[in-house]
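The block underneath contains the structure these notes are about, expressed in structure tokens.
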Amino acid sequence: MRTHTTLVINPKGGSGKTTVATNLAAYLAATGAATALMDYDPQGSSLNWLRQRPANLPRIFGANGAPAKAGRLRSVDMRIPEETRELVIDAPAGASGLLLQEMLLRTHCILIPVAPSAIDIHATANFIRDLLLAGRIRAAHIRLGVIANRVRKTSPVYAPLERFLASLNFPLLGRLSDSEVFVSAAETGVGVCEMDFVIAAAERGQFGPIAQWVQT
Numbered sequence: 041m042r043t044h045t046t047l048v049i050n051p052k053g054g055s056g057k058t059t060v061a062t063n064l065a066a067y068l069a070a071t072g073a074a075t076a077l078m079d080y081d082p083q084g085s086s087l088n089w090l091r092q093r094p095a096n097l098p099r100i101f102g103a104n105g106a107p108a109k110a111g112r113l114r115s116v117d118m119r120i121p122e123e124t125r126e127l128v129i130d131a132p133a134g135a136s137g138l139l140l141q142e143m144l145l146r147t148h149c150i151l152i153p154v155a156p157s158a159i160d161i162h163a164t165a166n167f168i169r170d171l172l173l174a175g176r177i178r179a180a181h182i183r184l185g186v187i188a189n190r191v192r193k194t195s196p197v198y199a200p201l202e203r204f205l206a207s208l209n210f211p212l213l214g215r216l217s218d219s220e221v222f223v224s225a226a227e228t229g230v231g232v233c234e235m236d237f238v239i240a241a242a243e244r245g246q247f248g249p250i251a252q253w254v255q256t
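Heads up: the sequence shown begins at 41 in the numbering used here, then just goes up one per residue.
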């Protein structure tokens with residue numbers, strides 16, 4: 041069986057890529073699939089999350105796709121186990137050129153989290169246009185979905201994005217609330233799907249359809 045790869049990417053920092061990548065990896069690992077999480081971001085937030093992960097939870101293999109430090113071969117850090125069935129890539133902000141092409145070559149679906157600001161939404165729309173102009177998305181039949189992140193009840197700014205996505209036949213997969221539960225999950229190496237149901241019921245309900253879309 042081949043490895044199914046999901047790329048979590050956005051041109052801007054602070055959009056919630058690591059939140060989506062880590063929660064997706066936790067969800068996939070909980071299904072019993074051999075899962076790996078590859079962090080291309082030099083900040084290493086996803087790998088730091090893995091270091092906090094409790095030993096009793098399903099194992100997620102960590103790989104480092106960031107530029108190699110002196111004396112190390114990047115290819116060594118990027119290796120994942122042969123039995124890996126689900127690979128989640130946490131991309132760096134502003135990825136473009138050869139680095140973007142490298143990630144797209146192994147990608148089956150793309151998740152783009154978007155923060156609730158007009159600037160972020162505009163940047164995301166331009167990024168999706170650039171991906172389409174590059175031709176890789178349609179030619180390789182890569183699926184693409186967008187996630188509204190850190191949503192509050194007073195966040196009406198997503199309507200223009202929804203219209204833009206509808207014009208391209210791309211889905212807005214869901215809305216993740218601006219919740220301390222996601223912050224707690226990030227700090228403790230778990231996904232919301234692994235937290236106490238009473239504490240994380242709303243967040244589980246928000247993220248579940250996103251993970252299920254990846255698996256379809």
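Cβ coordinates follow ideal geometry from the N, Cα and C atoms, glycine included.
Go ahead and label residue 242 buried or exposed: buried means 16 or more other beta carbons lie within 10 angstroms of its beta carbon, across all protein chains shown.
-> As a first step, residue 242 is located in the sequence shown; it is residue number 202 there, counting from the start. Answer is exposed; the Cβ neighbour count stays below 16.
Status (buried if at least 16 other CB within 10 Å, exposed otherwise) for residue 86 | Mapped onto the sequence shown, residue 86 falls at position 46. Residue 86 comes out buried.
Which of helix, strand or coil does DSSP assign to residue 113?
-> For the purposes of this step, residue 113 is taken as the residue at position 73 of the sequence shown. Reliability of the predicted coordinates at residue 113 is poor, the pLDDT of 48 falling under 50, and no value is obtained from them.
What is the DSSP secondary structure of residue 150, counted as helix, strand or coil?
-> Indexing the sequence shown from 1 puts residue 150 at position 110. Residue 150: strand per DSSP, three-state reduction.
CB residue 43 to CB residue 164, shorter than 8 Å?
-> If you number the sequence shown from 1, residue 43 lands on position 3. If you number the sequence shown from 1, residue 164 lands on position 124. For residue 43 and residue 164, no; Cβs fall outside 8 Å.
Best match in 45, 50 and 46 for proximity to residue 169 [C-alpha to C-alpha] = Locating residue 169 in the sequence shown gives position 129, counting from the first residue. Comparing C-alpha distances from residue 169 to each of 45, 50 and 46 shows the shortest one belongs to 50.
Determine the direct distance from the alpha carbon of residue 173 to that of residue 222, and round the result to whole angstroms.
-> Numbered from its first residue, the sequence shown carries residue 222 at position 182. Numbered from its first residue, the sequence shown carries residue 173 at position 133. In a straight line, the C-alpha of residue 222 is about 34 Å away from that of residue 173.
Can you give, in chain order, each stretch of the beta strand (DSSP E) that sits fully within the region 169-224 and has at least 3 residues?
-> Within the region 169-224, the complete beta strand (DSSP E) runs of at least 3 residues are 183-191 and 212-217.
Going straight from the alpha carbon of residue 145 to that of residue 60, what length do you get?
-> Residue numbering aside, residue 145 sits at position 105 when the sequence shown is read from its first letter. Residue numbering aside, residue 60 sits at position 20 when the sequence shown is read from its first letter. Computed Cα separation, rounded: 21 Å.
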